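**Student:** Line by line, the protein sequences are chains A and B.
Counting the first sequence from 1 gives a position; the numbering used here is that position plus 194.
Counting the second sequence from 1 gives a position; the numbering used here is that position plus 88.
We treat Cβ as the ideally placed atom computed from N, Cα and C, and that holds for glycine.
A quick note: this is a predicted structure, and the numbers were derived from the prediction, not measured.
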Amino acid sequence: MAVALLTIAYCLVPAASKSGFDAEGFGRLPVLLNGRTQPLDSVARNSLLILRGKQTLALEKGGSMPAIRWLMEVFFDGSKADSRTIFRIDHPELRGMLGVSDEEKYFSMAQFQPKLQSLLKETQRIESEQIKPEAQSPFEKAVMRLNNNVILYRRLKNSMQHEETRDFEADLAAYQTAIAPGVKAIQAREGGQEFDQKAFDRILDHLQRYDMMARFGYTLAVPSGSPNHVRDDWTTVGAALMEAARGGSIGTPISLFARMADAYRSDKVEVFNAALTEYGGWLAEHRYVPELAKGRSEHYFNRIEAFYVTAVFYVFVFILACASWFNNVPALSRAAWQLLILTWIAHTAGLIYRMILEGRPPVTNLYSSAVFIGWGIAGLGILLERIHSNAIGSVLAAIGGGSTLVVAHHLAMDGDTMEMMRAVLDTNFWLSTHVVAVTLGYAATFAAGFLALLYVLRGFFTTSLSTDMAKSLSRMVYGVICFATLLSFTGTVLGGIWADQSWGRFWGWDPKENGALMIVLWNAFFLHARWGKVCSEKTLMAIAVFGNVITAFSWFGVNMLGIGLHSYGFMGAAFSWLIAFDISQLIVVGLALLPVAYWKSLRPPQATPMKATSA
Amino acid sequence: MLLKRLIRILCSLQLTMVLLALSLILVFLGTMAQEPLGLYIAQARFFHSSFVDAASMLAALKKAAQLLNIYVTPMQADEVLSARWIPVFPGGYFLGGALLLNLLAAHWQRFVFTRKKAGIFLTHVGLIILLLGQLFTDQLARESGIHLTEGETKSYSESDRRSELAVIDVTDAAKDRVVAIPDNLLVEGATLADSLPFSIRVAKYYEHSHLTNRADLASSSAGFANQGFGLQVEALPLPKVTDMDFRDVPSAYIELSGPEGSLGRWLVSGHLERGQSLSYKGRSYRLALRLQRHYYPFSLTLLKFSHDKYRGTDTPRNFSSDVRLQNPSTREDREIRIYMNNPLRYAGLTFYQASFDKRDDRATILQVVRNPSWLAPYIACGVVALGLVIQFLIHLVAFLGRRKA
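#1: Of all the CB atoms in chain A, is at least one closer than 8 Å to the CB of alanine 469 of chain B?
#2: Given that a residue counts as buried once 16 or more other Cβ atoms are within 10 Å of its Cβ, and exposed if not, what is glycine 475 of chain B?
#3: Check whether the Cβ of glutamine 391 of chain A lies closer than 8 Å to any Cβ atom in chain B.
#4: When the cut-off is 8 Å and only beta carbons count, does glutamine 227 of chain B lie next to chain A?
#5: Using the beta-carbon count (16 or more within 10 Å), is phenylalanine 487 of chain B buried or exposed?
#6: What in chain A is Cβ-close to proline 124 of chain B, meaning under 7 Å?
#7: Write down the C-beta distance between asparagine 352 of chain A and methionine 406 of chain A rounded to the nearest angstrom, noting that I regard them as a contact closer than 8 Å.
#8: Identify whether leucine 484 of chain B lies in helix, strand or coil by the three-state DSSP scheme.
#9: Does the beta carbon of tryptophan 793 of chain A come closer than 8 Å to any beta carbon on chain B?
#10: Beta-carbon of glycine 698 of chain A versus every beta-carbon of chain B: anything under 8 Å?
#11: Does glutamine 479 of chain B pass the burial test, meaning 16 or more other C-beta atoms within 10 Å, or should it be called exposed?
#12: Note down, in chain order, every chain B residue with its Cβ under 9 Å from the Cβ of isoleucine 773 of chain A.
#13: Who are the neighbours of leucine 299 of chain B on chain A, taking C-beta pairs under 7 Å?
#14: My assumption, with CB atoms under 8 Å, is that methionine 89 of chain B sits in contact with proline 124 of chain B. Please give the rounded CB distance.
#15: Buried or exposed for isoleucine 467 of chain B, please, with buried defined as at least 16 other CB atoms from any protein chain shown within 10 angstroms of its CB.
#16: Would you say leucine 251 of chain A and tryptophan 264 of chain A are within 8 Å of each other, going by their C-beta atoms?
#17: Listing by chain order, which chain A residues have their CB less than 7 Å from the CB of serine 232 of chain B?
#18: Roughly how many angstroms lie between the CA atoms of aspartate 256 of chain B and asparagine 272 of chain B, to the nearest whole one?
#19: Work out the CA separation of alanine 585 of chain A and glycine 758 of chain A for me, nearest whole Å.
#20: Could you check whether the Cβ of tryptophan 749 of chain A sits closer than 8 Å to any Cβ belonging to chain B?
#21: Find the residues of chain B that neighbour leucine 715 of chain A, judging by a C-beta separation of less than 9 Å, and give them in chain order.
#22: Looking at the unbroken alpha helix (DSSP H) that takes in phenylalanine 116 of chain B, where does it start and where does it end?
#23: Check this for me: beta carbons of tyrosine 384 of chain B and asparagine 406 of chain B, under 8 Å apart or not?
#24: Tell me whether the segment 456 to 464 of chain A and the segment 511 to 530 of chain A touch, counting them as touching only if at least three CB pairs, one residue from each stretch, are closer than 8 Å.
#25: Taking aspartate 426 of chain A as the query, report the chain B residues whose CB atoms sit under 7 Å from its CB, ordered along the chain.
#26: Using 8 Å as the threshold, is the segment 173 to 181 of chain B in touch with the segment 133 to 146 of chain B, meaning 3 or more CB pairs across them?
#27: Taking all protein chains shown into account, decide if serine 245 of chain B is buried (16 or more other Cβ within 10 angstroms of its Cβ) or exposed.
#28: Residues of chain B with CB closer than 9 Å to the CB of alanine 155 of chain A, please, in chain order.
#29: Across the segment 696 to 706 of chain A and the segment 734 to 747 of chain A, are there enough close Cβ pairs to call them in contact, namely three or more that are closer than 8 Å?
#30: Could you check the C-alpha separation between isoleucine 325 of chain A and glutamate 334 of chain A for me, to the nearest Å?
#31: Which partner residues of threonine 438 of chain B appear in the DSSP bridge assignment?
#32: Less than 8 Å between CB atoms is the rule here; does glycine 179 of chain B satisfy it with respect to chain A?
#33: Reducing DSSP to helix, strand and coil, say where tryptophan 793 of chain A ends up.
#34: Taking the alpha carbon of glycine 272 of chain A as the reference point, which residue from A/Gly229, A/Thr661, A/Ala304 and A/Gly475 has its own alpha carbon closest?
#35: Would valine 687 of chain A count as contacting chain B if we go by Cβ distances under 8 Å?
#36: Span of the alpha helix (DSSP H) holding tryptophan 703 of chain A?
Now the structure itself:
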């Protein structure tokens, strides 16, 4: 308990700033990307996630580099960044094509730069053949992925300065003096008059590089600085520099970026930090206070990694609660209970923080649905534990909360998880009613499924499932399914009403709608089976476990069909996991349907082991 | 005796369970079939039908197998459409109807209304309303669309998928007289007379087609048409579209005949929506195969269409259409803004901001829905939700009471 509290406290307190470049401060700077204001720290973490699948960069000589330090290097010292092993290449044929070793997993730009041409050729072939992502072979998928990653990397490299710049401030000064004569020369040339070839060439040299930056630049890092700017008034450094030729001057932000870039390359820590502080001051002066605050709070949220810590805690809850089943020590189950409450509070806090950051209800995409389903299952677990106090609720909360957070972690691999909502979905009212209800319906159906799973596993493999325990578990399953039916039905119907409000169609047989309907139908099936007393308790448990398969299909499977309004993206790797999950559930269903003679628990008293083996 | 048994089965909870399980399977298969067959065909074959046919079923099963990484050749929509219709599984109407019967019978036969079961009772009443409402919606609702460019005025909407052959008498400059023949009558060999001075014989009809220059065709045989566009271009059949983002574009070869004999043979096509002119007995006509139109006694004018994207992305942020509604019969003349999640409800119709024209950023696409039973699901859902909440509370109270005891 004390250890847990200490861990949380440790996570919340900011790390003492070490001497050197103020990477933390740099990470807090706001930029516009994906249509939203975010700190550079988020840009760094998400980019590294996309490229490498991790939020930090492991160094060859041991230790690791935080994402933001890596991003600083990419921004300001491209040639050094080229030697970092950030590209994950798994496919052996692709490795062969790029001429890199088969021993490693991660590679640097410098390693496959010589063979980059062959990657491009292969990409062009796939694009010109218009092979859809679903139809691509694993090799082709790997090619497209790597190509996208190379593009992302090059865009990052050209976001702050042109990738080949050696002295940015000198370059800007030269540009400033070249503008006036250069523009005159261009106008004269266009007018068909005599013009100054030297001035023309000089400015063209700059403009070509800046134009490349404007087209490639990834982050919109330059605020307009105009007194009545709106939220979206941000541009890339390249575009702002091109604009300077049309009469403007090179603004303060770019001059400061240039100073930071040069200071970074020449290792002048004080100059860099002073420029960073000055830029912060400039932003505050020009009414960018909300953006600065957003940058700070999201940076903080990234750093505390609330959901990672929470997931680890759930594992401890699980261990404690399981231990309490086998050793009847009250202290163990009490510890599990207290730690669970603490973990759930942390989970809730993370969820609320995220909602405030986004200004949205809890579920906006697949990633956040996973976080929320975990929260819902854990909440139900706590409720059940409070009522029954037999550590079953704790185990449910730990398994449900922990595993869905792991799922969420893997869903975050696609990059930004707080992307803006498309026009149709941009309504907080429906997001907070329909989506929340449906997602809680998933959570409750999963919870019932897991409880039934516990029933079957304990009954089949151990003798610990007493008749009382079985009754109590079965009642829990029933109660949770009632709750699940209520939520899924309400959620599905609210979705219909939303669709009727937006398209005039209450029901359109969209795959996601169908998925929700399948959950409702299955839950109704369970309820009728129980009310009609048509099957045994064991069979009822099998029905509830199968609910997991249906819920998983509804949650993920329909996204994999690649059709419909709700298909947020095609996920290849996730699919094998879904299949594996379904198979495991079906095995449990099979166990549940085996005659009771094969079970360790619940055997009728007259059934001796002899009979069981001969049956 | 037999009747009694039948009634007992009809009322039974076991039947409910069987029907629920079958519905679940149907919904699953219908979802699977959407990718190979397209939403509309899948809907028609699985949900808006009494029985699912073998070919559609095979398409769904093959898709399911594919998902499991088992390689099978996927079924195409054409194969399914041309296959013989063999019923193999109960469809949406059958299961919906059976559930309805089962519900009604059970309530009539053995369900005694008690306070303990008030919630369940309400829930079932709501479900009955929901099922009936959806049945009515299926039969009565009509969806169409209006494509408007800024400044344009229209007093009709167009069907999303259905076509019609329109013969428009344009002799009178002030008023057109339209005779429209819906596409389901345009079958090969049909002769349509209607209220026209000449008859129309359909020689060929392609549900989906593309046009090609006659000169480009390999065969030099003379084409069918001897009038209009058909002299230059030839229509060739294409398989039906399954992608939701596209629609079928039909073409037809027709022959017009008056009492005196053939007036000529034409090619009409959805690709040539503006149509072609002809004159007969001093009157001028236009002949067009176009999307089915529904005319209204009022008109809409698009004043302004706006749509924004998030800066630096392709994600749409919002759409809105400022329209002017004019109705001469009621002398209404007002301006309305239609935007996402904010439709215009007028004259039993609802106008939604549906989409935008990818080729023209000054054009809007509004969806027009007429659905007299649109309220049914709202009422049904209210009743069901109330029922579920009541039942849930009853259980909760009972449960807490037991725990206290």
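**Tutor:** Reading from the atomic positions:
#1: Counting from 1 along the second sequence, the entry for residue 469 of chain B is found at position 381. According to the sequence provided, residue 469 of chain B is cysteine. The question's alanine does not apply to it. Cysteine 469 of chain B counts as touching chain A.
#2: In the second sequence, the residue the question calls residue 475 of chain B occupies position 387. Label assigned to glycine 475 of chain B: buried.
#3: Within the first sequence, numbered from 1, the residue matching residue 391 of chain A stands at position 197. So no, glutamine 391 of chain A is outside the interface.
#4: Residue mapping note: residue 227 of chain B aligns to position 139 of the second sequence, counting from 1. No, glutamine 227 of chain B does not count as interfacial toward chain A.
#5: Looking up residue 487 of chain B in the second sequence gives position 399. Exposed, by the Cβ-count rule.
#6: As a position in the second sequence, residue 124 of chain B is number 36, starting the count at 1. By Cβ distance, chain A contributes nothing, its closest Cβ being about 10 Å from proline 124 of chain B, past 7 Å.
#7: The sequence position of residue 352 of chain A within the first sequence is 158, counting from 1. The sequence position of residue 406 of chain A within the first sequence is 212, counting from 1. At roughly 7 Å, the Cβ-Cβ gap stays under 8 Å, so asparagine 352 of chain A and methionine 406 of chain A are in contact.
#8: Within the second sequence, the letter at position 396 stands for residue 484 of chain B. Helix.
#9: Working through the first sequence from its first residue, we reach residue 793 of chain A at position 599. Closer than 8 Å: no.
#10: Locating residue 698 of chain A in the first sequence gives position 504, counting from the first residue. Yes, because at least one Cβ of chain B sits closer than 8 Å to the Cβ of glycine 698 of chain A.
#11: Numbered from 1 along the second sequence, position 391 holds the residue referred to as residue 479 of chain B. By the neighbour-count rule (16 or more Cβ atoms within 10 Å), glutamine 479 of chain B is buried.
#12: For the purposes of this step, residue 773 of chain A is taken as the residue at position 579 of the first sequence. Near isoleucine 773 of chain A (Cβ distances below 9 Å), the residues of chain B are Leu155, Leu156 and Asn157.
#13: Here the question's residue 299 of chain B lines up with position 211 in the second sequence. In chain order: nothing, as chain A lies at least about 23 Å away.
#14: Residue mapping note: residue 89 of chain B aligns to position 1 of the second sequence, counting from 1. Residue mapping note: residue 124 of chain B aligns to position 36 of the second sequence, counting from 1. That pair is no contact at about 47 Å.
#15: The residue labelled residue 467 of chain B in the question sits at position 379 within the second sequence. The residue in question, isoleucine 467 of chain B, is exposed, as its Cβ has fewer than 16 Cβ neighbours within 10 Å.
#16: On the first sequence, residue 251 of chain A is found 57 positions in, with the first residue counted as 1. On the first sequence, residue 264 of chain A is found 70 positions in, with the first residue counted as 1. Yes, the pair counts as a contact, with Cβ atoms nearer than the cut-off.
#17: The count along the second sequence starts at 1 and reaches residue 232 of chain B at position 144. Those do not exist, as serine 232 of chain B stays about 10 Å from chain A at its closest Cβ, beyond 7 Å.
#18: Against the second sequence, residue 256 of chain B aligns to sequence position 168. Against the second sequence, residue 272 of chain B aligns to sequence position 184. Strictly speaking, residue 256 of chain B in this sequence is isoleucine, with aspartate absent from that position. Using only the alpha carbons, I get a separation of about 19 Å.
#19: As a first step, residue 758 of chain A must be located in the first sequence, where it is residue number 564. As a first step, residue 585 of chain A must be located in the first sequence, where it is residue number 391. Per-residue confidence for glycine 758 of chain A stands at a pLDDT of 45, beneath the threshold of 50, marking its modelled position as unreliable; the derived number appears in the next sentence. Spanning the two alpha carbons is a distance of roughly 42 Å.
#20: If you number the first sequence from 1, residue 749 of chain A lands on position 555. It does not; no Cβ of chain B falls within 8 Å.
#21: Stepping through the first sequence from its first residue, residue 715 of chain A is reached at position 521. Chain B residues near leucine 715 of chain A: Leu108, Ala109, Ser111, Leu112 and Val115.
#22: Against the second sequence, residue 116 of chain B aligns to sequence position 28. Residues 101 to 125.
#23: Locating residue 384 of chain B in the second sequence gives position 296, counting from the first residue. Locating residue 406 of chain B in the second sequence gives position 318, counting from the first residue. Cβ atoms of tyrosine 384 of chain B and asparagine 406 of chain B: not closer than 8 Å.
#24: no
#25: Walking along the first sequence from the start, residue 426 of chain A turns up at place 232. Ordered by position in chain B, the residues that pass the 7 Å Cβ test against aspartate 426 of chain A are Arg399.
#26: yes
#27: Numbered from its first residue, the second sequence carries residue 245 of chain B at position 157. Classification for serine 245 of chain B: buried.
#28: The requested residue 155 of chain A does not occur in the structure, where chain A is confined to residues 195 to 809.
#29: no
#30: What you label residue 325 of chain A is simply residue 131 of the first sequence in a count that begins at 1. What you label residue 334 of chain A is simply residue 140 of the first sequence in a count that begins at 1. Using only the alpha carbons, I get a separation of about 9 Å.
#31: One-based indexing of the second sequence puts residue 438 of chain B at position 350. Threonine 438 of chain B pairs with B/Arg433 and B/Val457.
#32: In the second sequence, counting from the first residue as 1, residue 179 of chain B sits at position 91. Judged by the 8 Å Cβ criterion, glycine 179 of chain B is not in contact with chain A.
#33: Position 599 of the first sequence, counting from 1, holds the residue named residue 793 of chain A. Note: tryptophan 793 of chain A maps to coil in three-state DSSP.
#34: Within the first sequence, numbered from 1, the residue matching residue 272 of chain A stands at position 78. Among A/Gly229, A/Thr661, A/Ala304 and A/Gly475, the Cα nearest to that of glycine 272 of chain A belongs to A/Ala304.
#35: Position 493 of the first sequence, counted from the first residue, corresponds to residue 687 of chain A. So, interface residue.
#36: Along the first sequence, one-based indexing puts residue 703 of chain A at 509. Neither: tryptophan 703 of chain A is in no alpha helix (DSSP H) and is coded neither H nor E.
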